[in-house]
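Using numbering that gives the first Met the number 0, the final residue of the sequence shown is 112, and nothing's skipped along the way. Don't be surprised by glycine CBs; every beta carbon is placed ideally from N, CA and C.
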Amino acid sequence: MSAQPGSRADLLALLEAVEQGELDPVLALERLAHLPYRDLGFARVDTHRELRQGAPEAVLAEGKTPEEIERIVVALIEGGAGSVLVTRADAEARAAVKRVAPEAEEHARARLA
Numbered sequence: 000m001s002a003q004p005g006s007r008a009d010l011l012a013l014l015e016a017v018e019q020g021e022l023d024p025v026l027a028l029e030r031l032a033h034l035p036y037r038d039l040g041f042a043r044v045d046t047h048r049e050l051r052q053g054a055p056e057a058v059l060a061e062g063k064t065p066e067e068i069e070r071i072v073v074a075l076i077e078g079g080a081g082s083v084l085v086t087r088a089d090a091e092a093r094a095a096v097k098r099v100a101p102e103a104e105e106h107a108r109a110r111l112a
């Protein structure tokens with residue numbers, strides 16, 4: 000289980016660990032306290048959208064710096080996102096995504112990463 004639960008399986012494992020006495024409820028509460036959003040100062044990332052809707056939050060790259068895009072993508076991945084979609088991504092934005100997620104696919108014409 001990841002440090003911060005993001006998927007249904009992670010949440011179920013966390014609850015089962017509490018039920019079986021393997022995890023202190025206070026520690027479990029700390030892991031859940033930041034859910035469902037992660038505040039990065041310049042953006043509030045919905046790390047639970049995939050859990051609720053079946054797809055993670057899309058990231059609008061337009062108007063964001065490459066560093067901001069990197070931080071948002073990392074926050075989504077750390078939050079348990081199975082995939083991340085970055086829209087209106089120019090070459091610089093797509094390069095930022097690839098720096099933090101080298102396995103990412105990109106489509107230049109559609110401006111997606």
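DSSP state of residue i mapped onto helix, strand, coil
i, result
"residue 9", "helix"
"residue 69", "helix"
"residue 22", "coil"
"residue 39", "coil"
"residue 85", "strand"
"residue 57", "strand"
"residue 111", "strand"
Own chain residues within Cβ distance below 8 Å of residue i, not counting five before or after
i, result
"residue 96", "68, 69, 72, 83, 85, 88, 103, 105, 112"
"residue 107", "90, 93"
"residue 100", "72, 76, 83"
Reference residue i; option with closest CA among the options
i, options, result
"residue 98", "108, 65, 42", "65"
"residue 76", "31, 92, 45", "45"
"residue 62", "54, 53, 41", "41"
"residue 54", "100, 30, 36, 80", "80"
6 Å CB neighbourhood of residue i in its chain, flanking five on each side removed
i, result
"residue 56", "45, 48"
"residue 43", "36"
Spatial neighbours of residue i in its chain, beta-carbon cut-off 7 Å, leaving aside the 5 residues before and after
i, result
"residue 117", "With the chain covering only 0 through 112, there is no way to say anything about residue 117."
"residue 16", "22"
Distance CB(residue i)-CB(residue j) smaller than 8 Å
i, j, result
"residue 8", "residue 39", "no"
"residue 30", "residue 50", "no"
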